[in-house]
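Single-structure report; data block below.
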Amino acid sequence: MKIKLNLKIESNQIIQFLSLFFVSIIFRYYLPKFGGDVFFAGLVVLFLRSNNNYFWLPLFLLLFDPPGGLFNPSSLTFSLPGIAFGGGGREIPFSEMFVVATFLKVYQIRKLKKFFFSTPFVVLAAYLIFLLFVSFILGTTFLRALKMVRHILPFLMFFSIPRLLPTCDDYYKLFELLFIASIVLFGAQIYDLVTGSKIAFLFGETAVQSGFGNLRYANETMDINSGINRVFYGPTISLLCMLGAMYFISLKDKTANNKYYYFILLLNFLMVILSGTRGWILSYSTMVILFYLFVLRNPFSLIKQGLLSAIVFILLLVYFPSISKQIEYSFERFQTVKALARGDLTADHTLIRLDVRGPRVLNKFWERPVFGFAFSQEFYQYADQHVGHHTLLLNGGIVGYALFLFFWIYFNLFLYFKNKHLQNNNLYKDSLFVFIIIFIGIFIIHSSSAMIFGFFINVPMGIMLALVFCFTDTVYKESQYLEHAIKAIQFQPLII
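In my numbering, the protein residues as written are 602 to 1097.
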């Protein structure tokens, strides 16, 4: 079975995208550090001068959330460049400089309509400003204040992205490049599982800190028989690819060949299965099931269109015993959720979020339950990214959590009722459900694996969230415009 690639962009841009990423590796690992720093600064300059913003956002996101331990932030030699300040090894990282660059590129573009979710969003922004003042009242050092600014800086992407990507077509092209990036990430994951090593070690890296807190050394090879190899690259890119693939499949465009999008959907699902990360497996499984029930509504669509992905999956199992072993470990790990359902908060002694991490944060939260500890010294002392809801309460208190709850309900209800009132011949009918599904998936991850929603985020997560919500707003408005056009045609008087 052949997959027909539905290109929204020119094929030479895919080549340029991959070439720039691999050239970035060469410049960082084989040239003197200064030469590499100049190269990356040049990428930012090219971005500032380019009109193809859809091209640069995926590239920089892949650099910030790379595969194989590349551009290790803890490496003095191979990390992305930064600007040192204040002594003690502190610096402004490259990712944050990029956020500022996006703002500088678009800050003069003031003409922009409001989001459909502007009301709760503006309220959240106002409360964030309030928390900044509370932080100084509760006491914070200068360095903590700088850290506070760095954690809220990524929210600038909600200002920049609607101006960088004003149309659906811009997002479509961006997603096509993200799909290519996810294939690269999957390839790096397979390399890790098959070799027991990391791609970064091929280029001279000596040690890599994994996303799960484990330190891996170049002279060590992980034996898959010793236990699960928990590796998952580019989670923000993977989430965006799940959104993009489901969205393209859901469009009522009969000319599209959906096999490629099913392939991307199932490829990213397989990445999560191979990672053995229970919260993400639960999230992706829920999204696929909801997509099947409320969008596809066809008992054979997912199986038929995903046939090639199934073939790839079987080949991996047959030719790479390490992959088969990894999947076995992954399912064993996921089955510990049954213990959680029985009331065992440790999930057979494999989980400390509910009985250790969570209570530690909540015990502190109850000392200031109404407004929380904002960005004070005590907040940073007790904050824990592994328990999202608890840390959100610690940060913004009951008031802050209630405002997020208002935002979540508002966002999903507006999408639900807008989709309900779209006519069946509207291109976006049921596509709006995809955004509700992706929200549910993100919410599950926030509830089980890593904090995503909050008053502070990192740059890759900020870019991901801004792309999700801004794209949702763009499609929401496009569906509205198309609905008005359909009704105008239907009620146009017949002239004889």
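Each residue gets a CB set at the ideal place from its N, CA and C atoms; glycine is no exception. These numbers come from a predicted model, not from an experiment.
Alpha-carbon to alpha-carbon, residue 771 and residue 655 = Taking the straight line from one Cα to the other gives about 6 Å.
Do the segment 730-745 and the segment 626-633 meet, that is, are 3 or more Cβ pairs less than 8 Å apart? They do not touch, by the three-pair rule.
Q) So, do the segment 841-851 and the segment 861-878 have three or more beta carbon pairs nearer to each other than 8 Å? A) Judged by Cβ distances under 8 Å, the segment 841-851 makes contact with the segment 861-878, as three or more pairs qualify.
Point to revise | Option nearest residue 1079 by Cα separation, candidates 716, 891, 996 and 664 | key: Among 716, 891, 996 and 664, the Cα nearest to that of residue 1079 belongs to 716.
For the beta strand (DSSP E) that residue 709 lies in, which residues bound it at each end? Residue 709 -> no beta strand (DSSP E), and no H or E assigned at all.
TODO: Compute the Euclidean distance between the alpha carbons of residue 983 and residue 749, then round it to the nearest angstrom.
DONE: Taking the straight line from one Cα to the other gives about 15 Å.
Check your understanding: Between 1087, 1088, 1083 and 1076, which lies nearest to residue 768 when the distance is taken from Cα to Cα?
Key -> Of 1087, 1088, 1083 and 1076, the residue nearest in Cα terms is 1076.
In three-state terms, what does DSSP make of residue 818? Three-state DSSP puts residue 818 in a strand.
Below 8 Å between beta carbons: does that hold for residue 787 and residue 847? Not in contact: residue 787 and residue 847 (Cβ atoms no closer than 8 Å).
**OP:** State whether the segment 1034-1046 contacts the segment 881-897, with contact taken as three or more CB pairs (one from each stretch) at a distance under 8 Å.
**Re:** Verdict: yes, contact present.
*asked:* So if DSSP puts residue 808 in a beta bridge, which residue, or which two residues, is it bridged to?
replied: Per the DSSP secondary-structure output, residue 808 pairs in a beta bridge with 818.
Query raised in the report: Cβ of residue 1056 within 8 Å of Cβ of residue 997?
Result: Going by C-beta atoms, residue 1056 is nearer than 8 Å to residue 997.
**OP:** Please name the residue, chosen from 896, 988, 1065 and 783, that lies closest to residue 669 on a Cα-to-Cα basis.
**Re:** For residue 669, the nearest C-alpha among the options comes from 783.
**OP:** Taking residue 986 as the reference, give the member of 662, 1054, 1008 and 706 with the closest Cα.
**Re:** Closest by alpha carbon: 1054.
Between the Cα of residue 761 and the Cα atoms of 922, 658, 880 and 971, which residue gives the shortest distance? Ranking the options by Cα distance to residue 761, first place goes to 658.
**OP:** For residue 991, count neighbouring Cβ atoms within 10 angstroms of its own Cβ and tell me buried if that reaches 16, exposed if not.
**Re:** Residue 991 should be labelled buried.
From residue 887 to residue 1083, what does the alpha carbon distance come to, in whole angstroms? Distance from the CA atom of residue 887 to the CA atom of residue 1083, rounded to whole angstroms, is 30 Å.
> Would you call residue 645 buried or exposed, if buried means 16 or more other Cβ atoms sit within 10 Å of its Cβ?
Replying inline: Buried, because 16 or more other Cβ atoms sit within 10 Å of the Cβ of residue 645.
**Prompt:** Unbroken beta strand (DSSP E) runs of length 3 or more, entirely within the segment 619-674: which are they?
**Reply:** Taking 3 residues as the minimum length, the segment 619-674 contains no beta strand (DSSP E) run wholly inside it.
What is the rounded straight-line gap between the Cα of residue 620 and the Cα of residue 693? Residue 620 and residue 693 have their C-alpha atoms roughly 27 Å apart.
### Query
Alpha carbon to alpha carbon, what distance is there between residue 667 and residue 802?
Cα to Cα, the separation comes out at about 14 Å.
Residue from 790, 662, 1067 and 663 whose Cα sits closest to the Cα of residue 927:
Looking at the Cα atoms, 790 is the closest of the given residues.
| Given a threshold of 16 other Cβ atoms within 10 Å of its Cβ, counted over all protein chains shown, does residue 1050 qualify as buried or as exposed? | It counts as buried.
Checklist line | Member of 1052, 779, 807 and 613 whose CA lies at the smallest distance from the CA of residue 988 | finding: Comparing alpha-carbon positions, the option among 1052, 779, 807 and 613 lying closest to residue 988 turns out to be 1052.
| task | Could you please give me the residues that DSSP links to residue 694 through a beta bridge? | result | Partner(s): 683.
task: State the Cα-Cα distance for the pair residue 1025 and residue 1059, rounded to the nearest angstrom.
output: Going from the Cα of residue 1025 to the Cα of residue 1059 covers about 40 Å.
Would you mind giving the Cβ-Cβ distance between residue 962 and residue 995, rounded to the nearest angstrom? I have them listed as a contact below 8 Å.
With a Cβ gap of about 5 Å, residue 962 and residue 995 count as contacting.
Problem set entry | Cα-Cα separation, residue 1003 to residue 818 | Looking at the two C-alpha atoms, the distance is approximately 44 Å.
Please determine, among 650, 981, 651 and 1023, the residue with the shortest C-alpha to C-alpha distance to residue 1088.
Taking only the C-alpha atoms, the option nearest residue 1088 is 1023.
*For residue 706 and residue 649, believed in contact at Cβ under 8 Å, the rounded distance*: Between the beta-carbon of residue 649 and that of residue 706 there is about 5 Å, and that keeps the pair under the 8 Å contact cut.
Element boundaries [alpha helix (DSSP H), containing residue 763]
Where residue 763 is concerned, the enclosing alpha helix (DSSP H) stretches over 758-765.
* As assigned by DSSP and simplified to three states, the class of residue 898 -> DSSP places residue 898 in the coil class of the three-state scheme, outside both helix and strand.
| query | So, is residue 1014 buried or exposed, given that buried needs 16 or more other C-beta atoms within 10 angstroms? | reply | Around the beta carbon of residue 1014, fewer than 16 other beta carbons sit within 10 angstroms, so the residue counts as exposed.
- Task: Starting from residue 1073, follow the alpha helix (DSSP H) in both directions and report where the run begins and ends.
- Result: Its alpha helix (DSSP H) spans residues 1060-1091.
**Message:** In whole angstroms, give me the CA-to-CA distance for residue 603 and residue 862.
**Reply:** The predicted model places residue 603 with a pLDDT of 43, which falls under 50 and marks its position as unreliable; any figure quoted below should be read in that light. Cα atoms of residue 603 and residue 862: separation of roughly 13 Å, rounded to the nearest angstrom.
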